[in-house]
Amino acid sequence: MRRFGRTVRAPDRPAEYGVRMAVEEPVTGFAVAVVREDGRWRCSALDPGALTELDAAITELGKLRSTGASFGLLAVDDEFFVIVRPSPRGPALLLSDAAAALDYDIAADVLDVLRVDPPDEEDDSVWPEGDLEILADLGLPGPELEVIVGEVDLYPDEQLQMVAQRCGFGSEFAKLLDEL
Numbered sequence: 008m009r010r011f012g013r014t015v016r017a018p019d020r021p022a023e024y025g026v027r028m029a030v031e032e033p034v035t036g037f038a039v040a041v042v043r044e045d046g047r048w049r050c051s052a053l054d055p056g057a058l059t060e061l062d063a064a065i066t067e068l069g070k071l072r073s074t075g076a077s078f079g080l081l082a083v084d085d086e087f088f089v090i091v092r093p094s095p096r097g098p099a100l101l102l103s104d105a106a107a108a109l110d111y112d113i114a115a116d117v118l119d120v121l122r123v124d125p126p127d128e129e130d131d132s133v134w135p136e137g138d139l140e141i142l143a144d145l146g147l148p149g150p151e152l153e154v155i156v157g158e159v160d161l162y163p164d165e166q167l168q169m170v171a172q173r174c175g176f177g178s179e180f181a182k183l184l185d186e187l
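Numbers given in my numbering equal positions in the sequence shown, counted from 1, plus 7.
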């Protein structure tokens, strides 16, 4: 499966003579918009910028004109995923691994919006932050989503495939990923 690539600012790394410099590294993964309208699911690719900037993901999702449910599924660098669900009150968010905020701007942005402090650098635990009930009205209750997030042996795209299957748009999701 081919994935989108973008450039994101990597953590500062010491260079020769103790000088610190920012390194640009590509971010792989995919950003998918999911819409349910008139009882049918539709999946489409979001702009690759949605992988590196939360505001870009929210803006892209806001452009979708739908009377039904709409949300975004972002899989970043085979490391973590983000679910973004716009609403008039502001976006509902779920970050699969809070520790990703130490290395990825988009994960740090999610924690900022949630008003959650990033974990300590020494903490290597994996835990989600955000709304585990984000897709409960679409057939995926919070406890089941928590089990999926807890499957740390799976890659984010595999976890999101489980989400898609459970909500009922697995075939549409798989078809789009095959095209990316």
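In this text, a Cβ means the ideal position worked out from N, Cα and C, and glycines have one as well.
- In this structure Glu-67 is buried. Its beta-carbon is surrounded by 16 or more other beta-carbon atoms within 10 angstroms.
- Leu-109 is positioned such that its CB atom lies no closer than 8 angstroms to that of Phe-87.
- Following the DSSP letters along the chain, one finds Ile-90 inside the beta strand (DSSP E) bounded by residues 87-92.
- When secondary structure is reduced to three states using DSSP, Ser-178 falls in the helix class.
- Its chain contains Glu-44 as the residues whose beta carbon lies nearer than 7 angstroms to that of Thr-74, once the 5 sequence neighbours on both sides are disregarded; these appear in chain order.
- Between the C-alpha atoms of Asp-164 and Gly-69 there is a straight-line separation of about 23 angstroms.
- Taking 8 angstroms as the upper bound for CB-CB distance, Leu-118 and Glu-136 are in contact here, some 6 angstroms apart.
- Glu-129 and Ala-105 have their C-alpha atoms some 13 angstroms from each other.
- Arg-92 is positioned such that its CB atom lies closer than 8 angstroms to that of Ala-99.
- Secondary structure within the region 63-135: the alpha helix (DSSP H) runs of 4 or more consecutive residues, fully enclosed, are 112-121 (chain order).
- For Leu-152, the uninterrupted alpha helix (DSSP H) run begins and ends at 149-156, by DSSP.
- In the three-state scheme derived from DSSP, where H, G and I count as helix and E and B as strand, Glu-60 is classed as coil.
- Within 10 angstroms of the beta-carbon of Val-42 lie 16 or more other beta-carbons, which makes it buried.
- For Ala-143, there is no enclosing beta strand (DSSP E), as DSSP marks it with neither H nor E.
- Residue state for Val-34 is assigned as strand, using DSSP reduced to three classes.
- Cβ atoms of Leu-53 and Ala-38 come within 8 angstroms of each other, at about 4 angstroms.
- Here Glu-44 is bridged, per DSSP, to Arg-47.
- When the beta-carbon positions are compared, Cys-50 and Glu-179 come within less than 8 angstroms of each other.
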